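Counting with mature numbering (1 follows the signal peptide of the UniProt record, and there is no 0), you get residues -21 to -1, 1 to 96 for the letters of the sequence shown. C-beta: ideal position from N, C-alpha, C; glycine also. Since the structure is predicted, the reported quantities are computational estimates derived from the model, not experimental observations.
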Amino acid sequence: MRYCALCLAALLAAAGPSAYGQESADIPAKKRNAAKLAGLVGFVNVNCSMLKTDVERFKGAVQSMGVDPAEIDRDALMLQARGYVAAYAKDVPASCSKAQELFGQRGRIIPGIFVPR
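Written out as structure tokens, the structure is:
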């Protein structure tokens, strides 16, 4: 699974909250985008009753950004992803809808990251 890294970064930037000022300038953009997607995954798994994550598809997307999925589970990237979870939770219905639109089975950015429960 290969995606245009610049295209994916631009679309992720438009996909959702910027963690309301919590982005860390010391984290490279590709890693911030991976954290943003990971935050959306965490949010969806807890808050969107109609969706769940296709974990392998998610890991493949993160790898295509040049980020090891294991990096998201530690240190600054983990904190960044948690910030995104909180940001998405500020408007649950809109965030679930956006997740479906952009990353659902017919998603505009990466189809199939979120599938029906």
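Give me, in chain order, the residues of the same chain whose beta-carbon lies closer than 7 Å to that of N26; leave out the 5 immediate sequence neighbours on both sides. Against the sequence shown, residue 26 aligns to sequence position 47. Here the set comprises A68, V71 and C75.
Check this for me: beta carbons of residue 99 and I92, under 8 Å apart or not? For the chain, the structure presents residues -21 to 96; residue 99 sits outside this window and is missing.
For M29, I'd like the list of residues in its chain whose CB is within less than 7 Å of its CB, leaving aside the five on either flank, ordered along the chain. Residue numbering aside, residue 29 sits at position 50 when the sequence shown is read from its first letter. Around M29: P95 and R96.
May I ask you to verify whether the segment 80 to 89 touches the segment 49 to 68, counting CB pairs closer than 8 Å and requiring at least 3? With the cut-off at 8 Å, the segment 80 to 89 and the segment 49 to 68 do not touch.
Compare the Cα-Cα distances from L19 to each of K31, K9 and E35 and report the closest residue. Reading the sequence shown from its first residue, position 40 is the one you call residue 19. Nearest C-alpha to L19: K31.
Same chain, Cβ closer than 6 Å to G(-1), neighbours up to 5 away in sequence not counted: Here the question's residue -1 lines up with position 21 in the sequence shown. Summary for G(-1): the model assigns pLDDT 44, below 50, so the residue's position carries little reliability, and this model does not support an answer.
What distance in whole Å lies between the Cβ atoms of A40 and L16, which are believed to be in contact at a cut-off of 8 Å? Translated into the one-based positions of the sequence shown, residue 16 becomes position 37. Translated into the one-based positions of the sequence shown, residue 40 becomes position 61. About 7 Å separates the beta carbon of L16 from that of A40, a gap short enough to meet the 8 Å contact definition.
Proximity to R11 [Cα-Cα], best of V34, R87, G62 and R85: For the purposes of this step, residue 11 is identified with residue 32 of the sequence shown, where counting begins at 1. For R11, the closest alpha carbon among the candidates V34, R87, G62 and R85 is that of G62.
Three-state class that DSSP yields for G(-1) in the structure shown: As a working mapping, residue -1 is identified with position 21 in the sequence shown. With a pLDDT of 44 at G(-1), under the threshold of 50, the modelled position of this residue cannot be trusted; read the value that follows with caution. G(-1) falls in the helix class under three-state DSSP.
Where do the ends of the beta strand (DSSP E) carrying V94 lie? Here the question's residue 94 lines up with position 115 in the sequence shown. Taken as a continuous stretch (DSSP letters only), the beta strand (DSSP E) holding V94 covers F93 to P95.
Could you pull out every residue in the same chain whose Cβ sits closer than 7 Å to the Cβ of V46, ignoring the five residues on either side in sequence? Mapped onto the sequence shown, residue 46 falls at position 67. Correct list, in chain order: K9, K10 and A13.
Where does the unbroken beta strand (DSSP E) through Y31 begin, and where does it stop? What you label residue 31 is simply residue 52 of the sequence shown in a count that begins at 1. Per the sequence presented here, residue 31 reads as Lys, with Tyr not at that position. Start and end: L30 to T32.
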